[in-house]
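Accompanying notes for the structure given below.
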Amino acid sequence: MRIAVRWMTILALVIWVWSCPRGAVPARADQADGPPDLAVRSAVLMDMKTGQVLYAKNPDEPHYPASITKILTAIVALERGRLNDRITTSRLATLQDGNRIYLVEGEEHSLEELLYGMMLNSGNDAAVAIAEHYGGSVADFAAMMNAKAKEIGALHTHFTNPNGLHDPNHVTTAYDMCLIGRYAMQNPIFRQIVATKTYPWHGKEWESELVNINRMLWTYPGATGIKTGYTDQAQQTMVVSATRGNESLIATLMDIPGQEAMREEATKLLDWGFQHFATQRLASAGETAETVQLPGHQTANALLSRSVWYTFAQGTSPQVTRNIELVKPKLPLQKGAILGQAVFSVDGRTIATVPLVSDRAVNPPPWSWWWLLGAVPGILLMIPLWRLRSRQRKPLARPYRHL
-16 MRIAVRWMTI
-6 LALVIWVWSC
4 PRGAVPARAD
14 QADGPPDLAV
24 RSAVLMDMKT
34 GQVLYAKNPD
44 EPHYPASITK
54 ILTAIVALER
64 GRLNDRITTS
74 RLATLQDGNR
84 IYLVEGEEHS
94 LEELLYGMML
104 NSGNDAAVAI
114 AEHYGGSVAD
124 FAAMMNAKAK
134 EIGALHTHFT
144 NPNGLHDPNH
154 VTTAYDMCLI
164 GRYAMQNPIF
174 RQIVATKTYP
184 WHGKEWESEL
194 VNINRMLWTY
204 PGATGIKTGY
214 TDQAQQTMVV
224 SATRGNESLI
234 ATLMDIPGQE
244 AMREEATKLL
254 DWGFQHFATQ
264 RLASAGETAE
274 TVQLPGHQTA
284 NALLSRSVWY
294 TFAQGTSPQV
304 TRNIELVKPK
314 LPLQKGAILG
324 QAVFSVDGRT
334 IATVPLVSDR
344 AVNPPPWSWW
354 WLLGAVPGIL
364 LMIPLWRLRS
374 RQRKPLARPY
384 RHL
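Heads up: the sequence shown is residues -16 to 386, going by the numbering used here.
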């Protein structure tokens, strides 16, 4: 009887599993909400507002970036130049391999046009033309790129050229490229360029419509940018950003063969991030944190100098605390002067320290009429006391003596 029941149970389980659609067999509870298992060598998922890392696989492992290098090229050029700057193509630019916009020597374009050619069509010739214009040479512009990377916090990045063509010393990490991409996306012109799907190109020897090779702009709902890359040594690389509602994420994926596989892995990673995390504003810039008492019965409001955001795992309720630390102000006080700081913590861990600034200018209290009303009676009272003391100190006259 027991054997029959056991076999009937096994048979029922087999029939149930077989009847489920492919892939519909439920995962174990401890796997259902876990991070995705990506078929890439290295990947990082970051919240765009807070910079918090939500997923990391070999985040600091060095990799060849290929054309995602151009993200840093673009932001350096945007910060040093103007969109209407005229740039002349050199012979070196025309000799670049790989993707091009087919510039010819002596051809002139605006920085804006070359940025579209570089970021949409991944023009290696456009990247070199930009680098030589603002750096004087490719090597000097690469030095500018490396300095900017360090400023951003990308400490494991070293670039030798502006386009990502292979060089054994041209390396970065998935974490660094998320930092660089997040920084670049704060620039509204950069955001506009990398979100553009098509752009008309009018070259000296090539007329075309540039089509953004970042296919995530077509295939992923809410995609906002930013760049893909490929070389034989790097394989497929990608930095991709997307927004859904109030949530904005950015991801870097490194070293995977095949464009379709890269898009599938990027989709899997972004979907997981949007499903499992939410970003909330803990405080707003300009919000009054404290009212500060000043000499002369005066006050000033200590305002938060910037907003504070934090990304929470869905379904959690962390403990958020805010500690106000004020300094003793001195008068006169300028508007915007530092009055202290607000320290934000989540579950006892400090996540942000925000300077507090004065909402107004405050001068020392003036010598006003009410002070005079109080001072004059005091002076009048002191006069007779002073006279009385003077009399007490006056020496007595000696009596007249007859000789």
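Ideal Cβ positions, reconstructed from N, Cα and C, are used throughout, including at glycine.
{"Item": "Whether residue 394 touches residue 341 by CB criterion (8 Å)", "Value": "Outside the shown range of the chain, which is -16 to 386, sits residue 394, and nothing can be said about it."}
{"Item": "Length at least 4, wholly inside the stretch 45 to 126: the alpha helix (DSSP H) runs in chain order", "Value": "53 to 63, 74 to 77, 94 to 103, 107 to 118"}
{"Item": "Sequence-distant residues of its chain with Cβ nearer than 7 Å to residue 49 (five each side left out)", "Value": "147, 212, 213, 214, 217, 220"}
{"Item": "4-residue-minimum alpha helix (DSSP H) runs that sit fully inside the stretch 312 to 347, ordered along the chain", "Value": "none"}
{"Item": "With 16 other Cβ atoms within 10 Å as the buried cut-off, status of residue -12", "Value": "Low per-residue confidence applies at residue -12: pLDDT is 37, beneath 50, and the placement is therefore not dependable, though the value from the model is reported in the following sentence. With fewer than 16 other Cβ atoms within 10 Å, it is exposed."}
{"Item": "Residue 235 - containing beta strand (DSSP E), residue span", "Value": "230 to 239"}
{"Item": "Classification of residue 185 by the beta-carbon crowding that lies within 10 angstroms, buried from 16 upward", "Value": "exposed"}
{"Item": "Classification of residue 201 by the beta-carbon crowding that lies within 10 angstroms, buried from 16 upward", "Value": "exposed"}
{"Item": "Anticipated Cβ contact below 8 Å, residue 222 with residue 210, distance rounded", "Value": "5 Å"}
{"Item": "Proximal residues to residue 109 (C-beta, below 6 Å), its chain only, five neighbours per side dropped", "Value": "84, 97, 100, 101"}
{"Item": "N-terminal and C-terminal residue of the beta strand (DSSP E) that residue 219 is part of", "Value": "218 to 227"}
{"Item": "Residue 264 to residue 230 span [Cα, whole Å]", "Value": "11 Å"}
{"Item": "Residue burial classification, residue 133 (beta-carbon count within 10 angstroms, cutoff 16)", "Value": "exposed"}
{"Item": "Outcome for residue 52 when other beta-carbon atoms lying within 10 angstroms are tallied against a minimum of 16", "Value": "buried"}
{"Item": "Outcome for residue 233 when other beta-carbon atoms lying within 10 angstroms are tallied against a minimum of 16", "Value": "buried"}
{"Item": "Buried versus exposed, by CB contacts within 10 Å (16 or more), residue 310", "Value": "exposed"}
{"Item": "Element boundaries [alpha helix (DSSP H), containing residue 259]", "Value": "242 to 259"}
{"Item": "Rounded separation between residue 166 and residue 158 - CA only", "Value": "12 Å"}
{"Item": "Near the ligand ATP: residue 338 beta-carbon under 7 Å from a heavy atom", "Value": "Among the components of this structure there are no ligands whatsoever, and the ligand ATP is therefore not found."}
{"Item": "Cβ pair residue 288, residue 338 closer than 8 Å", "Value": "yes"}
{"Item": "Alpha-carbon spacing of residue 58 relative to residue 121, whole angstroms", "Value": "16 Å"}
{"Item": "Beta strand (DSSP E) runs wholly inside the stretch 132 to 217, at least 3 long, in chain order", "Value": "181 to 185, 190 to 194, 206 to 214"}
{"Item": "Unbroken beta strand (DSSP E) run spanning residue 40, endpoints", "Value": "36 to 40"}
{"Item": "Continuous beta strand (DSSP E) stretch holding residue 286: start and end", "Value": "281 to 287"}
{"Item": "DSSP three-state assignment for residue 29, whether helix, strand or coil", "Value": "strand"}
{"Item": "7 Å Cβ shell around residue 276 - same chain, five flanking residues per side excluded", "Value": "282"}
{"Item": "Selected residue, minimal CA-CA separation from residue 80, among 105, 250, 36", "Value": "105"}
{"Item": "DSSP beta-bridge partners of residue 388", "Value": "It is not possible to answer for residue 388, since the shown part of the chain is limited to -16 through 386."}
{"Item": "Those residues which DSSP pairs with residue 276 across a bridge", "Value": "282"}
{"Item": "With 16 other Cβ atoms within 10 Å as the buried cut-off, status of residue 30", "Value": "buried"}
{"Item": "Local conformation of residue 130 per DSSP, three classes", "Value": "helix"}
{"Item": "Buried or exposed by the 16-neighbour rule on C-beta atoms within 10 Å, applied to residue 116", "Value": "buried"}
{"Item": "Same chain only: Cβ atoms within 6 Å of residue 306, ignoring 5 sequence neighbours per side", "Value": "326"}
{"Item": "Which listed residue (69, 140, 37, 76) has its alpha carbon closest to that of residue 46", "Value": "140"}
{"Item": "For residue 264: DSSP bridge partner residues", "Value": "292"}
{"Item": "Test item: CB-CB of residue 172 and residue 22 under 8 Å", "Value": "no"}
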